[in-house]
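Before any comments, here is the structure.
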Amino acid sequence: MTTLFLLRHGAVQTDDLMYGQRDVPLTEVGLAQARWAADALAGEPLQAVYSSDLSRARTGAELVASFHAGVEARADAAFREMSLGILEGVALEAAREKFPDLVRKRYVDMLDYAFPEGESIADVAARALPALEALVEQHAGHAFALVAHNTVNRLVLGTALALPREGIFSFRQSFGCINRIDYEPECARVSLMNLTAKGVRA
């Protein structure tokens with residue numbers, strides 16, 4: 042059995058902007074969430090720790106790795122959050138006013154529509170899921186952790202749960218949460234989902 046501990050990064054300061062792949066740092070609450078998650082995994086026999094290359098995920102991965110002798114956090118851009126293209130850094134309300142057609146198209150086709158210069162959920166799946174499959178194979182029989190983002194986590198969990206792609210919107214991925222997926226030859230089993238620290242909220 043191969044075990045993946047899948048984490049979402051802690052809370053970030055966005056000022057209500059759509060941040061996508063902008064490199065926004067963790068807030069103090071986000072750091073507390075990341076420390077809690079790292080402490081929660083301190084007793085797990087992690088062979089490796091990965092994250093996206095964005096600092097909000099990388100910081101969490103480095104904290105997780107710090108509890109495991111000989112393990113260094115490794116960053117991979119394949120696990121980045123979805124790019125929102127020309128709408129990155131724009132407030133949602135402002136986007137609705139300035140780009141009403143783009144926002145409408147996105148809500149009509151949540152899976153396959155991409156904002157100009159951005160990505161669709163299908164695009165994220167095409168880069169993130171094969172990268173994860175490679176890690177599951179690489180760490181066969183062991184446990185490893187991945188600190189990633191809302192869209193990536195939903196895709197990974199939805200795949201493990203054998204949900205139709207639109208099913209990824211049917212569950213939560215809170216800031217700083219922990220999920221556990223056990224991969225066996227015949228199937229994947231989600232044994233923990235969206236575990237968060239009590240009293241540590243964004």
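Just add 41 to the spot in the sequence shown (first one is 1) and you have our numbering. Backbone N, C-alpha and C define an ideal beta-carbon position, used for all residues, glycine too.
Starting from residue i and walking both ways along the beta strand (DSSP E), at which residues does that stretch end?
| i | result |
| --- | --- |
| residue 236 | 228-236 |
| residue 63 | From DSSP, residue 63 is part of no beta strand (DSSP E); its letter is neither H nor E. |
| residue 124 | Looking at the DSSP string, residue 124 is not in any beta strand (DSSP E), and its letter there is neither H nor E. |
| residue 224 | 219-225 |
| residue 91 | 87-92 |
| residue 45 | 43-49 |
| residue 206 | Unbroken run through residue 206: none, as it is neither H nor E. |
| residue 115 | 114-116 |
Within a Cβ cutoff of 6 Å, which residues of the same chain sit near residue i, ignoring the five residues on either side of it in sequence?
| i | result |
| --- | --- |
| residue 118 | 94 |
| residue 160 | 123 and 124 |
| residue 88 | 180, 183 and 185 |
| residue 31 | Outside the displayed span of the chain (42 to 243) sits residue 31, for which this structure offers no information. |
| residue 147 | 154 |
| residue 105 | 79, 82, 90 and 186 |
Suppose the cutoff is 8 Å on Cβ atoms and the five residues either side in sequence are ignored; what does the same chain contact list for residue i look like?
| i | result |
| --- | --- |
| residue 182 | 42 and 43 |
| residue 62 | 95, 121, 122, 123, 124, 125 and 129 |
| residue 66 | 53, 54, 96, 97 and 100 |
| residue 64 | 95, 96 and 97 |
| residue 157 | 126, 127 and 143 |
Residue i CB to nearest chain B CB: under 9 Å?
| i | result |
| --- | --- |
| residue 238 | Looking at the structure shown, chain B is missing, and only one protein chain is on hand. |
Identify which residue in the options has its Cα closest to the Cα of residue i.
| i | options | result |
| --- | --- | --- |
| residue 219 | 231, 206 and 209 | 231 |
| residue 54 | 210, 69 and 62 | 69 |
| residue 188 | 141, 198 and 97 | 97 |
| residue 236 | 109, 213, 57 and 141 | 213 |
| residue 202 | 85, 233 and 112 | 233 |
| residue 86 | 173, 103, 161 and 111 | 111 |
| residue 225 | 209, 196, 174 and 211 | 174 |
| residue 115 | 177, 125 and 90 | 90 |
| residue 129 | 56, 206 and 208 | 56 |
| residue 165 | 177, 195, 178 and 109 | 195 |
| residue 177 | 228, 147 and 140 | 228 |
| residue 139 | 149, 127 and 148 | 127 |
Considering only their Cβ atoms, is the gap separating residue j from residue i smaller than 9 Å?
| i | j | result |
| --- | --- | --- |
| residue 100 | residue 50 | yes |
| residue 184 | residue 45 | yes |
| residue 92 | residue 102 | yes |
| residue 162 | residue 192 | yes |
| residue 59 | residue 155 | no |
| residue 186 | residue 48 | yes |
| residue 113 | residue 151 | no |
| residue 108 | residue 80 | yes |
For residue i, which residues from the same chain have a beta carbon less than 7 Å from its beta carbon, with the 5 sequence-adjacent residues on both sides left out?
| i | result |
| --- | --- |
| residue 74 | 51, 52, 216, 217, 238 and 241 |
| residue 211 | none |
| residue 137 | 144 |
| residue 200 | 170 |
| residue 172 | 117, 119 and 120 |
| residue 209 | 195, 196 and 199 |
Could you spell out the range, first to last residue, of the alpha helix (DSSP H) harbouring residue i?
| i | result |
| --- | --- |
| residue 195 | 191-201 |
| residue 76 | 69-81 |
| residue 135 | 133-139 |
| residue 164 | 162-179 |
| residue 103 | 96-106 |
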